[in-house]
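Engineer:
Protein chains in written order, with the working numbering: chain A, 16 to 502; chain B, 32 to 602.
1) Which bits of chain B does residue 172 (chain A) rub up against, with CB to CB less than 8 angstroms?
2) Please report the distance separating the alpha-carbon of residue 470 (chain A) from that of residue 476 (chain A).
3) Helix, strand or coil, according to DSSP, for residue 374 (chain B) in the structure here?
4) Taking the DSSP output, what are the residues bridged to residue 317 (chain B)?
5) So which residues of chain A does residue 318 (chain B) contact, with C-beta pairs closer than 9 angstroms?
6) Which whole-angstrom value describes the C-beta separation of residue 186 (chain A) and residue 137 (chain A), a residue pair presumed to lie in contact below a C-beta threshold of 8 angstroms?
7) Along the chain, where does the alpha helix (DSSP H) containing residue 155 (chain A) start, and where does it finish?
8) If you measure from the beta carbon of residue 411 (chain B) to each beta carbon in chain A, is any gap under 9 angstroms?
9) Assess contact between the region 95-111 of chain B and the region 301-315 of chain B, defined as three or more Cβ pairs (one per stretch) separated by less than 8 angstroms. Is contact present?
10) How should residue 400 (chain B) be labelled, buried or exposed, when 16 other C-beta atoms within 10 angstroms of its C-beta is the threshold for buried?
11) Determine the burial state of residue 289 (chain A): buried for a count of at least 16 other Cβ atoms within 10 Å of its Cβ, exposed for fewer.
12) Output yes if chain A places a C-beta closer than 9 angstroms to the C-beta of residue 354 (chain B); else output no.
13) Let's test the definition: count the other Cβ atoms within 10 Å of the Cβ of residue 227 (chain A) and tell me whether it reaches 16, buried, or not, exposed.
14) Mind the definition here: the region 429-443 of chain A touches the region 240-257 of chain A only if three or more C-beta pairs lie below 8 angstroms; say whether that holds.
15) Decide if residue 493 (chain A) is buried, meaning its Cβ has at least 16 other Cβ atoms within 10 Å, or exposed.
16) Using the beta-carbon of each residue, which ones in chain B are nearer than 9 angstroms to residue 263 (chain A)?
17) Give the secondary structure of residue 457 (chain B) by DSSP, where H, G and I count as helix, E and B as strand, and everything else as coil.
18) Which residues in the same chain as residue 141 (chain A) place their Cβ atom closer than 7 angstroms to its Cβ, once the five residues preceding and following it in sequence are excluded?
19) Take the Cβ of residue 400 (chain A) as the centre, count every other Cβ of all protein chains shown within 10 Å, and call the residue buried at 16 or more, exposed below.
20) Determine, using beta carbons only, whether residue 181 (chain A) and residue 159 (chain A) come nearer to each other than 9 angstroms.
21) Can you find at least 3 beta carbon pairs, one from the region 346-366 of chain B and one from the region 257-271 of chain A, that sit closer than 8 angstroms?
22) Can you find at least 3 beta carbon pairs, one from the region 135-143 of chain B and one from the region 332-340 of chain B, that sit closer than 8 angstroms?
23) May I ask which residues mark the beginning and end of the beta strand (DSSP E) holding residue 202 (chain B)?
24) Could you spell out where the alpha helix (DSSP H) holding residue 257 (chain A) opens and where it closes?
25) Going along chain B, which residues have a C-beta under 7 angstroms from residue 203 (chain A)?
26) On the criterion of 16 or more Cβ atoms from any shown chain inside 10 Å, does residue 191 (chain A) qualify as buried, or is it exposed?
27) Listing by chain order, which chain A residues have their CB less than 7 angstroms from the CB of residue 375 (chain B)?
28) For residue 363 (chain B), which option in B:372, B:394, B:346 has the closest C-alpha, if you only look at C-alpha atoms?
29) Candidates A:275, A:422, A:424, A:291: which alpha carbon is nearest residue 260 (chain A)'s?
30) Against residue 166 (chain A), what residues of chain B qualify as contacts under a CB-to-CB distance less than 7 angstroms, listed in chain order?
31) Since residue 350 (chain B) meets chain A, which of its residues come closer than 8 angstroms, beta carbon to beta carbon?
32) With a CB to CB cut of under 6 angstroms and the five nearest residues on each side skipped, what residues in its chain are close to residue 483 (chain A)?
33) Examine the Cβ distances between the region 424-436 of chain A and the region 392-406 of chain A and report whether three or more of them are shorter than 8 angstroms.
34) Using only alpha-carbon positions, find the residue among A:445, A:456, A:485 that is nearest to residue 254 (chain A).
35) Can residue 254 (chain B) and residue 293 (chain B) be called in contact, C-beta distance under 9 angstroms?
36) So is residue 232 (chain A) in contact with chain B if we call contact Cβ pairs under 9 angstroms?
Structure representation (structure tokens):
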């Protein structure tokens with residue numbers, strides 16, 4: 016029987032590792048484009064330097080929070096300010112730093128008026144947003160401090176602080192707590208769009224998708240905004256209604272006046288296109304996002320994936336390193352490591368994986384639950400048993416389709432395919448068009464000898480996006496070929 | 032932010048920033064973040080942005096008055112987008128294109144709109160590089176001097192359609208189509224004659240609609256564009272709501288800020304239907320993802336959202352219709368503010384229920400601006416028949432001038448002082464003398480209003496750093512007793528909320544208690560203060576609230592003319 020490789024502790028040794036795991040192996044050759052492996056030695060050093068710098072950035076950030084207290088303020092790069100007095104050419108439209116500006120104003124105000132509970136709540140929420148925009152979890156303790164102050168001053172009828180606490184809990188992936196806070200905020204202020212946003216996020220991540228969508232609709236009815244449209248688009252996407260998701264995002268884009276908003280929407284549109292294998296459209300959208308906001312890391316990363324899919328591995332590596340330097344996010348780092356792995360540059364890949372682990376530790380140090388993300392990473396690059404433990408914990412916490420997929424995959428890697436299949440099914444219960452979900456399910460089915468089902472699911476994964484993963488896409492293709500190809 | 036800090040200069044930064052922040056918090060009342068979960072930055076779920084306020088849809092003020100130069104007409108003005116920093120760029124301030132900006136008229140007292148004027152906007156971007164964001168996250172607003180509204184150097188333009196609903200006949204007429212919006216005043220070099228652009232944006236409409244259909248009324252004028260924020264106050268007066276220090280009021284914290292204005296002038300007879308009193312309020316609606324229109328902002332009388340409706344009911348108020356205002360009556364009958372003032376300043380709160388406030392806020396005052404038949408509801412009520420023999424007073428009716436607020440609202444009416452005094456019992460017999468002196472110490476706007484439509488002052492130029500205007504009002508800050516709190520330094524050495532354990536050490540708790548102690552101290556002061564906060568002087572509201580000792584403030588308005596470029600602008 017043919018098997019798909021189970022990623023093990025040796026990240027690059029896909030085929031042999033699977034064999035060592037006791038399964039008869041269909042050899043899956045790693046494609047190693049000679050062009051990239053050869054010519055990029057110097058670049059790879061630079062890339063490593065960037066990774067180390069990013070790690071240092073993270074650790075310094077952690078140190079600042081742990082040690083420096085109030086002095087640990089991180090400043091993000093603000094766009095250049097142009098005066099209008101002598102320049103007959105006026106630049107407009109950029110508000111990428113509006114969250115920085117808001118935060119700074121609130122800080123100044125609160126120094127003068129420390130009894131202003133509302134402003135403390137807004138500041139707390141602004142810190143949570145800072146974390147979202149920057150990926151820097153060291154904002155969470157700050158948010159907690161500000162929200163504590165707010166609720167301490169105004170313990171009743173303070174829906175702002177409650178919604179802020181809900182957003183903070185959601186940011187830390189404690190969605191049950193986020194749900195409680197959202198409900199409390201709504202009890203105080205039944206027409207708070209912000210609270211309904213938190214409610215929607217919490218319900219969604221807890222796997223209560225219909226309720227989550229209803230909450231997003233309520234939010235949209237109370238105060239329509241890009242924030243509500245993005246949530247509705249996500250629900251459409253989860254239910255495989257790509258057209259509706261695109262329509263919602265495009266409508267939101269038409270109303271976006273700030274560069275940050277435009278970049279966010281274009282990035283989302285790019286991700287939609289990417290997830291369904293439309294490389295040209297993805298490329299176009301990511302480029303538009305970067306045209307609006309050149310430092311928008313998610314679009315850099317998206318572009319890196321498109322480049323890699325088109326075989327331009329060097330450019331893909333450059334973009335990925337750039338994205339990571341800007342925003343050291345686990346997903347980017349792991350993908351970049353896998354890209355290096357596939358190019359045969361295993362030492363460098365290992366450095367990336369080390370960096371990935373550091374980001375996991377860092378997130379945990381800031382009170383963020385990263386079990387789900389860590390589980391998938393461990394399954395592909397580490398310890399299968401630990402991966403299962405993490406994924407089970409994550410699934411118990413929040414039985415979302417993503418958690419179900421992670422649980423399924425870790426069970427498979429640990430050899431528990433029968434249990435894995437149950438969760439792989441749950442991952443796809445909304446019909447989400449997700450190549451990785453389908454690949455995981457197909458691999459599990461193949462391991463169980465369900466050849467027809469495996470063929471269908473692997474075919475679905477590759478039909479959606481044949482470049483969905485540096486390490487798994489090739490394996491999926493080879494396995495599918497061995498099963499007789501796509502139907 | 033760093034650049035902006037430098038620009039404001041040493042003296043002004045804390046004040047300006049504080050004012051903006053408070054204002055921001057106020058402006059964000061209905062807009063606390065709806066955050067997407069992320070932080071770990073995972074692909075395991077979706078991150079969505081938060082609502083950081085929707086200023087494009089946020090009404091700041093409504094004015095309605097008999098036009099001083101054409102007294103057979105009424106002028107109505109509504110403003111959106113608070114706290115526009117002229118030089119806070121790179122920024123500009125368009126109207127939203129997915130919004131309905133409306134002024135509603137109830138002319139029979141039934142709390143329902145009988146006439147609605149609606150402005151809807153569209154963008155006219157010059158195709159080409161300006162049509163999208165460019166490589167540095169910006170796009171071009173203009174690429175050379177702009178000398179007319181049609182100047183090809185003006186790359187981003189907006190135009191609007193003005194329509195009028197006759198609700199009784201359920202019919203809409205288009206009054207103006209593709210009318211130009213006065214652009215944001217990006218700078219003197221870019222727009223050497225902004226007044227010319229403003230004038231060109233004042234559009235008349237005739238007795239037939241834009242489509243030639245007779246409308247049955249006599250026509251009027253419309254304007255949409257940027258203007259100086261005509262609201263003058265010291266926003267810090269609201270600090271009392273959370274026990275802040277009131278020693279520092281007396282400067283117009285909106286000085287130097289712009290807003291987006293729509294203004295309309297129509298004959299009185301186009302508004303009235305038998306009764307001389309019309310109710311006026313603005314609404315803003317935004318299209319949601321289902322294509323439905325959602326009302327996200329509502330405003331009639333000033334300060335209702337600030338001093339009457341509790342914070343956690345602001346969203347409901349913004350979503351509500353006047354016909355359902357009975358739900359807010361308890362907040363009028365037993366208001367919170369007097370209790371706070373009593374606790375902090377010792378002025379006894381008037382006995383409840385406050386039926387005097389029902390007249391002021393919900394029905395209009397008998398013999399002044401109360402319709403013959405009225406359903407209690409919150410709106411600005413204007414008697415279009417002017418009272419003769421009135422002496423102009425910034426305090427309007429309570430200043431003996433029946434042609435001012437709350438009978439409509441003129442640009443010059445000092446609504447903060449009026450509202451404070453009314454809420455504290457000014458309309459009640461035998462109210463404490465201290466009530467007559469309440470105020471924020473700011474009696475006039477920072478810019479002169481115009482004598483002709485649309486009356487609002489020209490916007491501050493993008494060449495003028497916002498800090499320049501405020502600088503004049505803050506030089507005395509060093510004299511206040513709370514130096515440590517608000518006005519010293521300007522070096523952001525601490526960061527509120529930088530950690531749950533450390534935030535108390537930022538001076539937060541200490542500053543709070545210090546403020547309270549200070550107020551208690553002042554409460555014992557007994558030197559009465561004249562209500563005539565005379566020209567050239569203004570009184571600090573905290574002291575005024577206490578009937579306390581006079582605090583000399585330089586009148587900010589003309590004492591120190593704004594000197595553009597003087598404050599160390601970072602170019």
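Glycine is no exception: its CB is placed at the ideal position from the N, C-alpha and C atoms.
Because the structure is a prediction, the values reported are computed rather than measured.
Structural biologist: In short:
1) 341, 342, 343
2) 10 angstroms
3) When DSSP states are grouped into helix, strand and coil, residue 374 (chain B) belongs to the helix group.
4) Under DSSP, the beta-bridge partners assigned to residue 317 (chain B) are B:130, B:325.
5) 239, 266, 270
6) Actually they are not in contact, since the Cβ atoms of residue 186 (chain A) and residue 137 (chain A) sit about 16 angstroms apart, beyond 8 angstroms.
7) 154-168
8) no
9) Because the criterion of three Cβ pairs below 8 angstroms is met, the region 95-111 of chain B and the region 301-315 of chain B touch.
10) buried
11) buried
12) Output row for residue 354 (chain B): interface = no.
13) buried
14) no
15) buried
16) 320
17) coil
18) 114, 117, 118, 121
19) exposed
20) no
21) no
22) no
23) 202-211
24) 257-269
25) Result: 343.
26) exposed
27) Going along chain A, no residue has its Cβ under 7 angstroms from residue 375 (chain B), so there is no contact; the nearest lies around 11 angstroms.
28) Each of B:372, B:394, B:346 was checked against the Cα of residue 363 (chain B), and the nearest Cα belongs to B:394.
29) A:291
30) Residues of chain B whose Cβ lies closer than 7 angstroms to the Cβ of residue 166 (chain A) do not exist, since the nearest Cβ in that chain is about 12 angstroms away.
31) 206, 237
32) 450, 451
33) As far as the Cβ criterion goes, the region 424-436 of chain A touches the region 392-406 of chain A, which means the pair count is three or higher.
34) The shortest C-alpha separation from residue 254 (chain A) is found at A:445.
35) yes
36) yes
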